[in-house]
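Q: In this text, residue positions in the sequence shown follow the working numbering: the first is 3, and each later residue adds one.
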Amino acid sequence: MADAVLCCLATYLEELEAAELSSFKVYLGLEAEREGQERVPRGRMEKAGPLDLAKILVAHWGPAEAWELALRVFSRIRRKDLWERGCREPLGRDVPPSLELTASDSCGRESASLAEAWPGGPKKDPQETYREHVRRKYRFIEDRNARLGELVNLRQRYTRLLLVKEHASRSRAQHELLAMGRQHALCLDQRASPIHIETLFEPDEDRPEAPHCVVLRGAAGIGKSILAQKVMLDWAEGRLYSERFDYLFYVNCREMNQARERSLEELISGCWPERPVPVAEIVRAPERLLFIIDGFDELRASFHQPADCSCLRRGERRPVESLLSCLLTRKLLPELSLLITTRPSTLETLRQLLEHPRHVEILGFSEAQRREYFYKFFRDEEQARRGLGLVRDNEPLFTLCFVPMMCWIVCTCLKQQLEAGRPFPHTSKTTTAVYMFYLLSLLQPAAGGSRARPPPGLRGLCSLAAAGLWRQRILFDEDDLRRHGLEAADVSAFLNMNIFHKDIQRERYYSFIHLSFQEFFAAMFYVLDGELGASPAGLLRLLDHHAKCERSAVALTVRFLFGLLNEERRGDLEKQLGWRISPRTKRDLLRWIQAKARSEGSTLQRGALEIFTCLYEIQEEAFIQRALDSFQVVVVSEMATKMEHVVSSFCVRNCWSALVVHLSSAEFGADGEPDPEGDACAALLAGAEGPQEQPLKPAPPPPGEKNILPEAYCEHLAAALSTNRSLVELALYRNALGERGVRLLCQGLRHPNCQLQNLRLKRCRISSAACQDISSALMTNQNLIRLDLSRNILGATGVRLLCEGLRHPKCRLQMLQLRRCQVDGEACQELSKVLSTSQHLTELDLTGNALGDLGLQFLCPGLSHSACKLQTLWLKICHLTPAACQNLSSVLSTSQNLTELDLSLNDLGDAGVKSLCEGLCHSKSQLQTLRLGICRLTFVSCEALSTTLQSNVHLKALDVSFNDLEDMGVHLLCEGLQHPNCKLHKLWLDSCCLSGAACRDLASALGANQTLRELYLTNNALGDVGVQLLCERLRQPSCRLRTLWLFGTELTEDTQQALAALRGSKPHLDIGS
3 MADAVLCCLA
13 TYLEELEAAE
23 LSSFKVYLGL
33 EAEREGQERV
43 PRGRMEKAGP
53 LDLAKILVAH
63 WGPAEAWELA
73 LRVFSRIRRK
83 DLWERGCREP
93 LGRDVPPSLE
103 LTASDSCGRE
113 SASLAEAWPG
123 GPKKDPQETY
133 REHVRRKYRF
143 IEDRNARLGE
153 LVNLRQRYTR
163 LLLVKEHASR
173 SRAQHELLAM
183 GRQHALCLDQ
193 RASPIHIETL
203 FEPDEDRPEA
213 PHCVVLRGAA
223 GIGKSILAQK
233 VMLDWAEGRL
243 YSERFDYLFY
253 VNCREMNQAR
263 ERSLEELISG
273 CWPERPVPVA
283 EIVRAPERLL
293 FIIDGFDELR
303 ASFHQPADCS
313 CLRRGERRPV
323 ESLLSCLLTR
333 KLLPELSLLI
343 TTRPSTLETL
353 RQLLEHPRHV
363 EILGFSEAQR
373 REYFYKFFRD
383 EEQARRGLGL
393 VRDNEPLFTL
403 CFVPMMCWIV
413 CTCLKQQLEA
423 GRPFPHTSKT
433 TTAVYMFYLL
443 SLLQPAAGGS
453 RARPPPGLRG
463 LCSLAAAGLW
473 RQRILFDEDD
483 LRRHGLEAAD
493 VSAFLNMNIF
503 HKDIQRERYY
513 SFIHLSFQEF
523 FAAMFYVLDG
533 ELGASPAGLL
543 RLLDHHAKCE
553 RSAVALTVRF
563 LFGLLNEERR
573 GDLEKQLGWR
583 ISPRTKRDLL
593 RWIQAKARSE
603 GSTLQRGALE
613 IFTCLYEIQE
623 EAFIQRALDS
633 FQVVVVSEMA
643 TKMEHVVSSF
653 CVRNCWSALV
663 VHLSSAEFGA
673 DGEPDPEGDA
683 CAALLAGAEG
693 PQEQPLKPAP
703 PPPGEKNILP
713 EAYCEHLAAA
723 LSTNRSLVEL
733 ALYRNALGER
743 GVRLLCQGLR
753 HPNCQLQNLR
763 LKRCRISSAA
773 CQDISSALMT
783 NQNLIRLDLS
793 RNILGATGVR
803 LLCEGLRHPK
813 CRLQMLQLRR
823 CQVDGEACQE
833 LSKVLSTSQH
843 LTELDLTGNA
853 LGDLGLQFLC
863 PGLSHSACKL
873 QTLWLKICHL
883 TPAACQNLSS
893 VLSTSQNLTE
903 LDLSLNDLGD
913 AGVKSLCEGL
923 CHSKSQLQTL
933 RLGICRLTFV
943 SCEALSTTLQ
953 SNVHLKALDV
963 SFNDLEDMGV
973 HLLCEGLQHP
983 NCKLHKLWLD
993 SCCLSGAACR
1003 DLASALGANQ
1013 TLRELYLTNN
1023 ALGDVGVQLL
1033 CERLRQPSCR
1043 LRTLWLFGTE
1053 LTEDTQQALA
1063 ALRGSKPHLD
1073 IGS
């Protein structure tokens, strides 16, 4: 009975606030003195938490007296609710000796049994009995950090996770994200939206009916099981789903693997605290039941064959796969609800079983939640602050902590080091290094002790881990252990070291403390030299399996494999464990990755981030350089975390043969924080985190410098620019560089060895101040000819700084893109000066800047200057009106170089186009391409355009799409097309409100015009008659058209066949319909 009292007493004490717990300790001493009992020494109680205080009470006074004393103190501190509930507990009664049982299931089953056996005790209804059992079972969880299996309070340790819902059809949902939880700290596209655990089963705008099935997906270590247990606890305490569900049942898939057959009654009975189980009453309202299926990916069942669920009774035993299949397909109790946790690898299997489930992704910890976890883990504020400070200084290590499992590992290592007074090594910047440090910390002797020797069965443990990996097993029985040479003494040592765990429900079964640790020890098996290490064939089998499977289950093992071959890790293994690494292993890995390079050609794109992650683990530049020597083009997409950026840049620095490097970040800022450019992203994070109490709030970062990538990222890229003389193109997209990052990058650009020609820094959080460094680079680097700074907030100040470099005699820049950079009229004055002096700038893109007519007026003097060499000018979406066209007309009539002009998405109107055409008709106009899409034109403007086609022999391409030209407009245009002087090659008339009548004029024009090669007529109601007229003309040998697009035009089968026949007779003709 002592265990039952201890459990219940700790449960009650956990409900006290901090101030109430302090009052409890004070009144406890006073109450003991009043009763003439011996007081507990004050020092013992002062720092004791609820569980430790419960242990002290039971040890000091015995279970019965401790319980009665606690009830009196609850009354003294005005917690009448606890006193009343405690008085109803059977633990306070004189229970007959025959009924004193050993506590089990966290004391839930025992107390319920005592209540039933004691005739005078209160009779509880089944639901309340079960809730009480669940409260006691899930109130405490085993702390993996405690070698003796001590418990921690789940509510105090639990930290809220980021959850997002997403469309079930999203292809990336099928991507296997292994133990590091890559890309789980952020939302990958705008279709994802935040969701709280409280609303998982509620309808929303996308789903008007409440879902009956919710799938929680996440990588290993991301917190799925803890979240499932927290749901059970919150329900039992009336905090969650109490209005929706009468009963929640937790099904552990790992345990289900140990049974051949089960019935629904047995599933329920296994969760119930006593016998008999009122199954009939429980299932009477199945719509009020929720089954939590935890760890679906751990099931060995394949679910390939459909289960026969007809006439299945709740007491009928079936194979586990069949029973679960009937539950998941809801053919057994169709009205029940399901909450399923799984790794991403089994999503496709679930989709075949489930009907319209809601998919929710667990993203892990945000940066704020990592801080919260540290304070909850240490509980001592000073230790938490010190530990957090140490880890934050090690940027890659802190980034790893977005995965809760990694957060626990790091905190565990820190706590051991801090308590032992040892410094924490700052070199632990790879996943392998962290795991190795954790392992070696477990082997360290106590302070002042002699040097510890590793358990003799450690090699057998590695062999066991590898065998389990191939057989997809994480639970091992005693026979498995013996087959790998592990004896009882070995197992005991591993249990004490917290490497191994004994299964709570089945004592004959063991597992590693986490799957990622099994993968770590499996990797050690493949690097060991000697009889107990893997054979060369076994290593090649592992690598081949990893290469063939895009979502390989051995991916993390392979990463660990590379990491263990690092010289420092090898030294640790040999020095600390006395293990020798086989020298052939590194050679085999190099050959494997070089063979992969040959199979991919000279471009590294597919699986690039996974390869880089493996190479980063080894941390040896010479090895990486040899491995990447064959790649000339490197493309890494969707980098999601700061760690992934550092990994990629580190490998790019060592890819000496690369000519082109593209590095693209995910939609959100690094490390789980949203990109401030996306309002929806900010709302996502704010909604997902919910209110959280922060023990320590650091000072806010400077404006614009929040969530900037670590300096190491740009340092690596700068090193690549200064050492790789082959690198000619570097494209960074959505990389949050910040001012410091740009400065580092420009140091590489200014290096004499830098041969870069094309630099694209689109949406890279570049401020106006950072333009000073870019300008300096333009003054010194004479190889750089293309620069894209689009979607950075440069403003007039930034453009002014840039122009200083552009005007420098040594600047050789030919193309400058400043799309959506907040360029205004003032900035246009600076750009105009550049145009009138630069001998090299030929392309300028100002799309998406609100220049207005005034800005264009400032720009035109430079465009008209005799020294201006500009050939291509993009002024799309620049808030221009017809007044601006008068200035442009003047430019067109004088410029001898301008050949391409894009004015799309400006409100020019017919009057504006008429002004433009006056300049185009001038004999000096050299314009070849004019784009006027969505400029609010009507057929009136077509008269001026037709005149231009008849007089301007240089105009080769005209785009007037998405304007209401109608058939009359095309009629006027065709007059120009038929003129002998018309040299037009391409004409865009998409979405111009045309009918079949326009096709008659176009067909006539095609007969006369010998230069038109491409005609685009998509999304017009041309009809079958109109298209048939075009077909007749196209059949003529004299028709020179090569491209005709008719997409979006409704056509009959006969017309489609006519088009098909035309394609057959003219294979060179591209007809899109």
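The beta carbon of each residue, even a glycine, is placed where N, CA and C say it ideally should be.
Within the chosen definition, does the region 732 to 751 reach the region 761 to 777 through at least 3 CB pairs nearer than 8 Å?
A: yes
Q: What do you get for T1051, buried or exposed, if any count of 16 or more other CB atoms within 10 angstroms of its CB means buried?
A: buried
Q: Entirely within the region 272 to 336 and at least 4 residues each: give me those alpha helix (DSSP H) ranges in chain order.
A: 281 to 284 and 322 to 330
Q: Would you tell me roughly how many angstroms separate the C-alpha atoms of R172 and R209, rounded to the nearest one?
A: Unreliable placement is indicated for R172, whose pLDDT of 30 sits below 50; no coordinate value is reported for it.
Q: Excluding sequence positions up to five away, which residues of its chain have a Cβ less than 6 Å from the Cβ of A68?
A: Spatial neighbours of A68 in its own chain (CB-CB distance under 6 Å, excluding positions within 5 residues in sequence) are listed in chain order as L59 and V60.
Q: Should P205 be labelled buried (16 or more other beta-carbon atoms within 10 Å of its own) or exposed?
A: That one is exposed.
Q: Using 8 Å as the threshold, is the region 713 to 721 in touch with the region 643 to 658, meaning 3 or more CB pairs across them?
A: yes
Q: DSSP beta-bridge partners for C215?
A: L340
Q: Any idea if T1054 is buried or exposed, counting beta-carbon neighbours within 10 angstroms, 16 or more meaning buried?
A: exposed
Q: Rank G297, A495 and T331 by C-alpha distance to the C-alpha of A309 and give the top, closest one.
A: It is T331.
Q: CA-CA distance, L563 and D574?
A: Taking the straight line from one Cα to the other gives about 15 Å.
Q: Could you work out which residue in Y160, A435 and H924 is closest to F142 when comparing CA atoms only?
A: Y160
Q: If we call anything under 9 Å between Cβ atoms a contact, is T883 one with G911?
A: yes
Q: According to DSSP, is L929 part of a helix, a strand, or is it coil?
A: The three-state reading of DSSP puts L929 in coil, since its state is none of H, G, I, E or B.
Q: Is L796 near the ligand ADP, judged by its Cβ being under 8 Å from some heavy atom?
A: With respect to the ligand ADP, the structure shown offers nothing to examine, as it has no ligands at all.
Q: Do F502 and Y511 have their C-beta atoms closer together than 9 Å?
A: no
Q: With A733 as the anchor, note down where its beta strand (DSSP E) starts and where it stops.
A: Note, A733: beta strand (DSSP E), E731 to Y735.
Q: Taking DSSP as the reference, what is the three-state secondary structure of Y140?
A: helix
Q: In angstroms with no decimal places, state the Cα-to-Cα distance between L15 and R74.
A: Each residue's alpha carbon lies about 13 Å from the other.
Q: If we count the other Cβ atoms within 10 Å of its Cβ and call it buried at 16 or more, is E619 buried or exposed?
A: buried
Q: Kindly list the residues whose CB is nearer than 6 Å to the CB of N147, restricted to its own chain and excluding five residues on each side of it in sequence; keep chain order.
A: Because the pLDDT of N147 is 44, which lies under 50, any placement of that residue in the model is unreliable, and the question is left without a value.
Q: Could you tell me the boundaries of the alpha helix (DSSP H) in which H718 lies?
A: E713 to T725
Q: Compare the Cα-Cα distances from E289 to each of Y243, D296, H306 and L530 and report the closest residue.
A: Y243
Q: Does the region 130 to 139 come within contact of the region 271 to 286, defined as at least 3 CB pairs closer than 8 Å?
A: yes
Q: Considering only the alpha carbon of each residue, which of T1013, S943, V972 and N908 lies closest to L957?
A: Ranked by Cα distance from L957, the first of T1013, S943, V972 and N908 is T1013.
Q: In the DSSP assignment, the beta strand (DSSP E) including S639 goes from what residue to what residue?
A: Residues V635 to M641.
Q: Taking the alpha carbon of Y440 as the point to measure from, which residue in P458, Q418, P52 and T343 has its own alpha carbon closest?
A: Q418
Q: Which same chain residues, not among the five before or five after A829, have their C-beta less than 6 Å away from its C-beta?
A: A798 and V801
Q: Which complete beta strand (DSSP E) runs does the region 803 to 846 hold, if anything under 3 residues is left out?
A: 817 to 819
Q: Buried or exposed: which applies to T844, given that a residue is buried once 16 or more other Cβ atoms fall within 10 Å of its Cβ?
A: Taking all protein chains shown into account, T844 has 16 or more neighbouring C-beta atoms within 10 Å of its C-beta and is therefore buried.
Q: What is the C-beta distance between Q520 and A435, in whole angstroms, given that I count them as a contact (C-beta under 8 Å)?
A: Not a contact, Cβ separation roughly 19 Å.
Q: Does DSSP put Q1058 in a helix, a strand or coil?
A: helix
Q: At the level of alpha carbons, what is the spacing between L818 and D790?
A: 6 Å
Q: Would you give the residue range spanned by the alpha helix (DSSP H) that V893 belongs to?
A: Its alpha helix (DSSP H) spans residues P884 to T896.
Q: Taking E1016 as the reference, which of L907, L846, G1025 and D1072 has the closest Cα?
A: D1072
Q: Rounded to whole angstroms, what's the CA-CA distance from S866 to S892? Just pull it up for me.
A: 8 Å
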